[in-house]
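Scroll down for the structure; my scribbles are underneath it.
Numbering (the UniProt record's numbering), first residue to last: 1 to 111.
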């Protein structure tokens, strides 16, 4: 759906955005952060996109069940220091991401 935006992500002016839901089923969130010592860290979590209410704000939004209390998941995810831009991919991919982390000698945190 194309949705007209009265506010374009906090910037002045107007715009149009494509609004949709991600395919329902297994998904993986993935982010990269940098530790105090300069090394990188992978952060990932597996969940499932499910039916339910979602925000109609002109962006890609999905309702994801991570198998735990949503507030606790947000606290755990945020505590890693991962930035606010991260990836959402279809399928459960933690095992593949863990293999890549091991090959690159990068710490990995799974929420």
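C-beta atoms are modelled at their ideal positions from N, C-alpha and C, and glycine is treated no differently.
All figures in this text were calculated on a predicted structure; none of them were measured in a lab.
Return helix, strand or coil for residue i, following the three-state DSSP convention.
i, result
"residue 43", "strand"
"residue 94", "helix"
"residue 100", "helix"
"residue 19", "coil"
"residue 48", "strand"
By alpha-carbon positions, which one of the options ends up nearest to residue i?
i, options, result
"residue 110", "50, 89, 31", "31"
"residue 18", "99, 57, 27, 79", "57"
"residue 27", "67, 104, 40", "67"
"residue 87", "24, 51, 44", "44"
"residue 83", "74, 91, 90", "74"
"residue 41", "48, 47, 33", "33"
Once the 5 residues before and after residue i are set aside, which same chain residues still bring their CB inside 7 Å of it?
i, result
"residue 104", "none"
Kindly list the residues whose CB is nearer than 6 Å to the CB of residue i, restricted to its own chain and excluding five residues on each side of it in sequence; keep chain order.
i, result
"residue 48", "26, 65"
"residue 77", "111"
"residue 21", "62"
Between which two residues does the alpha helix (DSSP H) harbouring residue i extend?
i, result
"residue 70", "70-79"
If I follow the unbroken beta strand (DSSP E) through residue i, where does it start and stop?
i, result
"residue 26", "25-34"
"residue 55", "Taken as a continuous stretch (DSSP letters only), residue 55 belongs to no beta strand (DSSP E), as it is neither H nor E."
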